[in-house]
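Protein chains in written order, with this note's numbering: chain A, 1 to 414; chain B, 1001 to 1414. Right, one structure below, let's go through it.
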């Protein structure tokens, strides 16, 4: 079974709202073996909705729509679907009952606009909306399924989880789909693809590989489709075993495990603590670490030393080191890492100093030059990196590399 | 001129990546009067790309594509466009030169795959990629424009801003569209809309208002369309003058001025410096400040005191204060702000302490409770906030409120 997702709404076309509904719906459909062929965003205009439905039903078996079901004048999806399926609106007793109950509970009076919410196309099956007033609609025509849902994310999500997925499961056959994502760090996309070329070319047919790069990281996504979920899982696991032998040093995790989550788990398991001393990353490493709920168990704090004055006075970097080698140097970052670890009394520390750009570079020390140090009780590891000229991407790359250096050190030390 | 946006990539169709590119592109096109008719997401398959291009060119004058330009086998957009436009790949000397330079700088050797990045369709105009190795492509056929860009957001964004918008401006006719966004902080969307209801209802026709809320902020976007840019600008300015009288205390800026940019300008103009002491925001305030190029001129550094130990030892918060009032209290945050300002020798300081959640709340101090202090030479201002239960949104709300408190203090003091 193949699906097309149609998101209806002018706010999406002017870029006011990011379309996060479509990706969530696609994920849910994937879990029951339904592929998404296409995602379309169209305006709140009847012609556009007619056209996109005509296009979608050529290839898709299931067409899922969101948006345009609100009570205001700009919402026209319900009326348009009535015309499209050549049916008319009728008052649905159970929907009007539910809406009345909601309003009674909140001490509000039902208006004419609210009553209209309870009118549904005669030929559709009503999908209850437990989170709001606009019901969902399920149409069938020429063996195609058309589903219309509200655009409000939590209303749509409850409808999909509670009603639509179970209803679709009954319709779909035995198709299964398995995704697994391998997370790599420390090697660029093109170099990685050279190393794993043979493995890639020898993947079983029906197993697909995709490269998903972001600053400092490359994710490799394997997808297998077939009939038996367990068989497919085994095939994928088998390929991952081979891959692990090829690039053991680059794989840091799987699926949606962020580096800061992995580090959090490692530190918690071992009862170890972490601190950071940041210059060019300006607090971004600390932010990534403290995004994780419960991080106060292992993260004690940080000194952000954006000026040499703070590097000297608070991080106790020697004046001579700064004068002789400069703030962006192996020597400085080493002292930063050692001193912050002792000062804040932690097991591990990260220190970063570099030139994020766009200004501040010199011929000897160009924009993108970054030194990263990771210190523990008996060692300080330092690495030098040369990134590009985009400030935010450089901050992100430095952070990702620092976190992965730390991850390896934690594993090595314990 | 009408546009269609096509985002190419399997990762978008399985819901692994949210399509934030399309909304950003739509916003940019809007600023030069180009409406987006449709946004389509299709897979990395040649047939799908052919079909969507055939559909799009019926109604749109400009077709903008992202994705599928990487060096790996799953990326097929360039080859597909060659077939679509009946042309062939040729090595582009200036692109190969640029890629070689990038690799030389980073001390890497050019592989065959990287060289292939420099091959472009013979019939296209190359759009330089200043942030990566995959060039953009501009085709023209039967008075329609087809533009292909990388899917990596910062590469695509630089290409749009630096080359594509200026190139499209030359092609667009005399339609004028004026957007002006008023940035507000410190009041929720529904309360704001109650205060400005009369103003909103009396807006001239052809002037549209949209509410764009995000954690801690509400942006109000006014849009006017017509023939004469100056006339439209005057109409909009007139409405903004009225609005300024209605909500002077909530407006902090206009258009894309982020709070951290405004603060950077204020501090630079006045020759003043800033430091922060962060607990629950965990470095996010420092990160926002240091995202701004040149921030090292006014930002000296920060102490992130995630543990009470660091609050006491490094920020010199009194032991009694922490015992009597707790880490999340007016008294603690006041000492944090005072002490960091003196310790790092700055003109202004921000301090934050709170419970970001999801855990750590008590009946007296629930999740979402945050104290913020802003200190200067002769005063410490403290405010108490009660946010909701979403950790990341709470970190963002605390940051936005802290930055706006600081902005007002800087203006008041100088």
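Beta carbons are placed, not taken as given, at the ideal position from N, Cα and C, and that holds for glycine. Model, not experiment: these values are computed from the prediction.
Under the assumption that residue i contacts residue j (Cβ atoms under 8 Å), give the Cβ distance between them as a whole number of angstroms.
i: residue 187(A); j: residue 225(A); result: Incorrect: roughly 28 Å between the Cβ atoms, too far for contact.
i: residue 1017(B); j: residue 1026(B); result: That pair is no contact at about 17 Å.
i: residue 1071(B); j: residue 1116(B); result: 6 Å
i: residue 380(A); j: residue 337(A); result: 6 Å
i: residue 159(A); j: residue 195(A); result: So it is not a contact: roughly 45 Å between Cβ atoms.
i: residue 1283(B); j: residue 304(A); result: 7 Å
i: residue 30(A); j: residue 7(A); result: No, residue 30(A) and residue 7(A) are not in contact; Cβ-Cβ is about 17 Å, not under 8 Å.
i: residue 1341(B); j: residue 1275(B); result: 6 Å
i: residue 403(A); j: residue 189(A); result: So it is not a contact: roughly 19 Å between Cβ atoms.
i: residue 1118(B); j: residue 1152(B); result: With a Cβ gap of about 17 Å, residue 1118(B) and residue 1152(B) do not count as contacting.
i: residue 365(A); j: residue 328(A); result: 6 Å
i: residue 415(A); j: residue 398(A); result: Not covered by the structure: residue 415(A). The range shown for chain A is 1 to 414.
Under 8 Å between beta-carbons, which chain A residues line up against residue i? List them in chain order, please.
i: residue 1152(B); result: 213, 214
i: residue 1163(B); result: Neighbours of residue 1163(B) on chain A: none; closest Cβ ~16 Å, over 8 Å.
i: residue 1071(B); result: 189, 190, 193
i: residue 1111(B); result: 190, 191, 194
i: residue 1030(B); result: 14, 15
For residue i, which of helix, strand or coil comes out of DSSP?
i: residue 376(A); result: strand
i: residue 1141(B); result: strand
i: residue 2(A); result: strand
i: residue 1229(B); result: helix
i: residue 252(A); result: strand
i: residue 383(A); result: strand
i: residue 1108(B); result: coil
i: residue 136(A); result: strand
i: residue 1052(B); result: helix
i: residue 1224(B); result: strand
i: residue 17(A); result: coil
i: residue 246(A); result: helix
i: residue 41(A); result: strand
i: residue 1127(B); result: strand
i: residue 963(B); result: Nothing in the structure corresponds to residue 963(B), since chain B is present only between 1001 and 1414.
i: residue 75(A); result: coil
i: residue 47(A); result: helix
i: residue 208(A); result: strand
i: residue 191(A); result: helix
i: residue 1258(B); result: coil
i: residue 12(A); result: helix
i: residue 364(A); result: coil
i: residue 1203(B); result: coil
Return the bridge partner residues of residue i from the DSSP annotation.
i: residue 1213(B); result: 1218(B)
i: residue 1119(B); result: 1091(B)
i: residue 353(A); result: 371(A)
i: residue 65(A); result: 6(A), 148(A)
i: residue 971(B); result: Outside the shown range of chain B (1001 to 1414) lies residue 971(B), about which nothing can therefore be said.
i: residue 1035(B); result: 1002(B)
Quick one: list the residues of chain B neighbouring residue i, beta-carbon separation under 9 Å, in chain order.
i: residue 179(A); result: 1014, 1016
i: residue 392(A); result: 1154, 1291
i: residue 166(A); result: Those do not exist, as residue 166(A) stays about 19 Å from chain B at its closest Cβ, beyond 9 Å.
i: residue 221(A); result: 1010, 1011, 1014, 1016
i: residue 366(A); result: 1105
Listing by chain order, which chain B residues have their CB less than 7 Å from the CB of residue i?
i: residue 133(A); result: Chain B residues near residue 133(A): none, gap ~18 Å exceeds 7 Å.
i: residue 306(A); result: 1290, 1296, 1299, 1300, 1301
So which residues on chain B does residue i lean against when the C-beta distance must stay under 8 Å?
i: residue 199(A); result: In chain order: nothing, as chain B lies at least about 12 Å away.
i: residue 397(A); result: Correct list: empty, because the minimum Cβ distance to chain B is about 11 Å.
Mind pulling the chain A residues with CB within less than 7 Å of residue i?
i: residue 1114(B); result: 190
i: residue 1287(B); result: 282, 283, 284, 287
i: residue 1106(B); result: 386
i: residue 1210(B); result: 16
i: residue 1026(B); result: 13, 14, 15
Using a C-beta to C-beta distance shorter than 8 Å, which residues of chain D count as neighbours of residue i?
i: residue 23(A); result: Checking the listed chains, one finds no chain D in this structure; the protein chains it contains are A and B.
Who are the neighbours of residue i on chain A, taking C-beta pairs under 9 Å?
i: residue 1341(B); result: Going along chain A, no residue has its Cβ under 9 Å from residue 1341(B), so there is no contact; the nearest lies around 13 Å.
i: residue 1359(B); result: 293, 294
i: residue 1309(B); result: 300, 301, 344, 345
i: residue 1086(B); result: Near residue 1086(B) there are no residues of chain A at all, since even the closest Cβ is about 25 Å away, more than 9 Å.
i: residue 1039(B); result: 7, 12, 13, 19, 39, 40, 41, 42
Continuous alpha helix (DSSP H) assignments of at least 4 residues falling wholly in the region 271-350 of chain A: 284-291, 308-313, 319-325, 330-343
Start-end ranges of the alpha helix (DSSP H) lying completely within the region 1146-1181 of chain B, minimum 4 residues: 1153-1159, 1165-1171
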